[in-house]
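Heads up: the structure comes next, in structure tokens.
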Amino acid sequence: MKESIAVKEFLDKEGYIIHRIKGVSMLPMLEEGSDLVKLEAVKEKDKLKQFDLILFEREGDGALVLHRIIKVKKKYYITYGDNCVNYEVVPFDSVLALAVGFYKKEKYVSCDNPQYLEYVEKRCSCIKNREIYKKQRLEDEQRAQHIKERSFIRKIFPSKRFMKQAFPLLTIYPVLLPYFWFVRLIRGIKRQITKK
Numbered sequence: 001m002k003e004s005i006a007v008k009e010f011l012d013k014e015g016y017i018i019h020r021i022k023g024v025s026m027l028p029m030l031e032e033g034s035d036l037v038k039l040e041a042v043k044e045k046d047k048l049k050q051f052d053l054i055l056f057e058r059e060g061d062g063a064l065v066l067h068r069i070i071k072v073k074k075k076y077y078i079t080y081g082d083n084c085v086n087y088e089v090v091p092f093d094s095v096l097a098l099a100v101g102f103y104k105k106e107k108y109v110s111c112d113n114p115q116y117l118e119y120v121e122k123r124c125s126c127i128k129n130r131e132i133y134k135k136q137r138l139e140d141e142q143r144a145q146h147i148k149e150r151s152f153i154r155k156i157f158p159s160k161r162f163m164k165q166a167f168p169l170l171t172i173y174p175v176l177l178p179y180f181w182f183v184r185l186i187r188g189i190k191r192q193i194t195k196k
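If you read the sequence shown in our numbering, its first letter stands for residue 1, the second for the next number, and so on.
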């Protein structure tokens with residue numbers, strides 16, 4: 001929070017700031033600790049365009065974040081870090097500055113540089129892939145959770161085939177399966193109590 005106040009004050013006073021990169025959201029373009037970004041204060045916060053690289057103050061925790069605008073909406077921007085799967089919604093009022101260039105291993109690169117613009121175009125063209133990856137990852141997590149829940153239920157209520165090995169009477173009277181689940185559960189509880 002103190003950092004954002006200091007950055008705001010410096011931008012108000014000088015109109016620009018050269019800031020060291022923190023975090024990994026803008027990899028591979030910008031590396032934490034070694035690279036610097038030149039940022040200019042933004043007066044007309046609603047006039048920025050797609051692919052502009054902006055510094056904004058995240059609502060809630062007040063963290064300073066450097067991300068790229070992917071979509072321009074009526075009252076906010078949708079932004080991604082080049083190395084991020086999740087997007088962030090940034091209200092116009094949260095924008096502090098616009099990147100005009102950066103220092104990569106002490107070499108200055110302008111945001112008008114043709115190689116930089118080519119990088120941006122390639123990086124942003126794969127955003128749909130990131131969204132697909134995010135959806136797939138979410139589905140995988142849900143599937144893993146479902147399997148975990150199923151395996152927990154299976155431990156308490158094993159299959160009929162498994163139960164027949166422990167309770168051969170089930171071969172003759174399969175309708176007694178719920179009764180033997182209960183018997184097995186009580187035996188398990190007794191075993192736990194005797195272990196203590």
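For glycine and all other residues, C-beta sits at the position ideal for the given N, C-alpha and C. Note that this is a predicted model, so its numbers are computed, not measured.
Given this structure, state the Cα-to-Cα distance separating Lys-13 from His-146, to the nearest angstrom. 55 angstroms
Using 8 angstroms as the threshold, is the C-beta distance between Phe-167 and Phe-182 below it? no
C-beta contact flag for Cys-111 and Ala-97 at 8 angstroms: no
CA-CA distance, Asp-35 and Arg-154? 53 angstroms
Would you check if the distance between the CB atom of Gly-15 and the CB atom of Glu-40 is smaller than 8 angstroms? yes
State the beta-bridge partners of Gly-101 as determined by DSSP. Lys-38 and Ser-110
Can you have a look at Ser-25 and say buried or exposed, based on whether 16 or more other CB atoms are within 10 angstroms of its CB? buried
Per-residue DSSP class, three states only, for Glu-44: coil
Along the chain, where does the beta strand (DSSP E) containing Pro-91 start, and where does it finish? 88-91
Check whether Glu-32 and Ile-21 have beta carbons under 8 angstroms apart: yes
Where does Glu-93 land, buried or exposed, given buried means 16+ other C-beta within 10 angstroms? A quick correction: the sequence has Asp, not Glu, at residue 93. Classification of Asp-93: exposed, given that the 10 Å Cβ count is below 16.
Can you pull the DSSP bridge partners for Ile-127? Its beta-bridge partners do not exist; DSSP assigns none.
Rounded distance between the beta-carbons of Ile-54 and Ile-78, thought under 8 angstroms: That pair is no contact at about 12 angstroms.
Can you find the residues in the same chain that come closer than 7 angstroms, C-beta to C-beta, to Gly-101, ignoring five residues on each side of it along the sequence? Lys-38, Tyr-108, Val-109, Ser-110 and Cys-111
Under the assumption that Val-42 contacts Val-95 (Cβ atoms under 8 angstroms), give the Cβ distance between them as a whole number of angstroms. 5 angstroms
Suppose the cutoff is 6 angstroms on Cβ atoms and the five residues either side in sequence are ignored; what does the same chain contact list for Phe-157 look like? Trp-181
Within the present structure, is the beta-carbon of Leu-170 separated from the nearest heavy atom of the ligand ATP by less than 7 angstroms? Inclusion of the ligand ATP in the displayed structure is not the case, the ligand content being empty and no account of it being possible.
Among the residues of its own chain, which have a CB less than 7 angstroms from the CB of Asp-46, if the five just before and after it don't count? Phe-92
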